[in-house]
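Participant:
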Amino acid sequence: MKIKFIDLFAGIGGFRLALEKNGGTCVFSSEIDKFASETYFNNFGEFPSGDIFKIKDDEIPNHNILCAGFPCQPFSLAGKRLGFNDVRGTLFFEVARILKSKKPEAFILENVAGIVSHDNEKTLETIENILTELGYKFSWKLLNAKNYGIPQNRNRWYCVGVRNEFAIDIDSVFPEKIKLSKTLKNIIEMEIKDSHIVSDTAIKNISKHVNSFLEKSNNIIYNEPIIANNIRPSKVSFSANGISPCLTAKMGTGGNNVPVVVELNRKYTITECLAIMGFPSNYKIKDNYSQSYKQIGNSVVVPLIELISKNLFKSLEILLQKQAME
14 MKIKFIDLFA
24 GIGGFRLALE
34 KNGGTCVFSS
44 EIDKFASETY
54 FNNFGEFPSG
64 DIFKIKDDEI
74 PNHNILCAGF
84 PCQPFSLAGK
94 RLGFNDVRGT
104 LFFEVARILK
114 SKKPEAFILE
124 NVAGIVSHDN
134 EKTLETIENI
144 LTELGYKFSW
154 KLLNAKNYGI
164 PQNRNRWYCV
174 GVRNEFAIDI
184 DSVFPEKIKL
194 SKTLKNIIEM
204 EIKDSHIVSD
214 TAIKNISKHV
224 NSFLEKSNNI
234 IYNEPIIANN
244 IRPSKVSFSA
254 NGISPCLTAK
264 MGTGGNNVPV
274 VVELNRKYTI
284 TECLAIMGFP
294 SNYKIKDNYS
304 QSYKQIGNSV
314 VVPLIELISK
324 NLFKSLEILL
334 QKQAME
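In the working numbering, the protein residues as written are 14 to 339.
(1) Would you kindly check if the distance between the Cβ of residue 237 and the Cβ of residue 253 is under 8 Å?
(2) Does the beta-carbon of residue 163 have 16 or more other beta-carbons within 10 angstroms, so that it is buried, or is it exposed?
(3) When you compare each of 301, 292, 103 to residue 22 by their alpha carbons, which one comes out closest?
(4) Which residues in the same chain have their Cβ closer than 8 Å to the Cβ of residue 38, if we skip the five residues on either side of it in sequence?
(5) Could you tell me the distance, in whole angstroms, from the CA atom of residue 262 to the CA atom of residue 199?
(6) Assign residue 311 to one of two classes, buried (16 or more other C-beta atoms within 10 Å of its C-beta) or exposed (fewer than that).
(7) As a quick exercise: from 130, 223, 285, 72, pick the residue whose alpha carbon is nearest that of residue 205.
(8) What does a CB cutoff of less than 8 Å around residue 149 pick up in its chain, not counting 5 residues either side in sequence?
(9) Residue range of the beta strand (DSSP E) that residue 42 falls in?
(10) Could you work out which residue in 295, 132, 317, 71 is closest to residue 156 when comparing CA atoms only?
(11) Starting from residue 213 and walking both ways along the alpha helix (DSSP H), at which residues does that stretch end?
(12) Compare the C-alpha of residue 143 against each of 131, 126, 170, 107 and name the closest.
(13) Using the Cα positions of residue 331 and residue 203, report the straight-line distance between them to the nearest angstrom.
(14) In terms of alpha-carbon separation, which member of 244, 141, 130, 196 lies closest to residue 235?
(15) The beta strand (DSSP E) spanning residue 152 covers which residue range?
(16) I believe residue 29 touches residue 42 by the beta-carbon criterion, under 8 Å. Please report the beta-carbon distance rounded to the nearest angstrom.
(17) List the endpoints of the continuous beta strand (DSSP E) containing residue 17.
(18) So residue 73 and residue 115 are supposed to be a Cβ contact under 8 Å. How far apart are they, rounded?
(19) In terms of residues, what are the limits of the beta strand (DSSP E) holding residue 79?
(20) Which residue marks the beginning of the alpha helix (DSSP H) containing residue 167, and which one marks its end?
(21) So which of 239, 306, 295 has the shortest CA-CA distance to residue 266?
(22) Which residue or residues does DSSP assign as beta-bridge partners of residue 318?
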């Protein structure tokens, strides 16, 4: 049986790539950002529906899995135990609204790790209360991409849930750790030296700080490229362990937050950023640097979503086959 899913806050389609690779079919997507929507169209041949606030329940097809990498927002009414009707007007309410209306068998949610402590833990408590109120059992974990085959220090919150009546061990959906088989030396294109060059001022600043980094490490000869996490004088730090700093949407704000390959005096290319997020080499994105960097930083790590959804698919397919036979 073909698993159907919807792709909310779709961005450039990281969830869709992952679930389609496992044989799923996307029946609906929503994204408000016009640049991300254009990238989505260029890769999937369809524009996502727009503002989720304007989409009615009956416009959304029935589906088995709801996917959403929703932005983290605080909820109001401090001190009150909040339920479904108390969070109207927030982006999470739109997720909850669709869960309540369409009652999919399962969901996969992704967010920043900070959601765990956001607003003195009230944000997560409210989300948990509402998911329970809607009849779902769920489990969440903080997973770092570097532990699942992707060379990026990217720690994110993943929540998987299924309807209460389903006998699925949710914790078993989360994947076992995977040893890195590919590091930055397999991704960074060392022959690219004349594009994405940083300014002379930035080069001087990086050179000054990298010397200190090398001295502290006893001038070890590294097998991996040395990476500066950004070019801000007060915040620059280095790594040479083959794992990239976290790629964020802030890469699109002026370029100071794009990691730098020290030996080449240049920032990561768009192609390198896509690879560090686990996107396939044939993925299409315009070289509109600020928008492209932002879109990539806002996305999900495709192979990690692929691992989670693969395990969820197995459990759901067994249940759906049993239901079809009854």
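Every residue, glycine too, gets a C-beta built ideally from N, C-alpha and C.
Facilitator: Put simply:
(1) yes
(2) buried
(3) 103
(4) 15, 16, 17, 18
(5) 24 Å
(6) buried
(7) 285
(8) 112, 120, 174, 175, 176, 177
(9) 38-42
(10) 317
(11) 213-229
(12) 107
(13) 47 Å
(14) 196
(15) 149-157
(16) 7 Å
(17) 17-21
(18) 6 Å
(19) 78-81
(20) From DSSP, residue 167 is part of no alpha helix (DSSP H); its letter is neither H nor E.
(21) 306
(22) Paired residue(s): none; residue 318 is not in a bridge.
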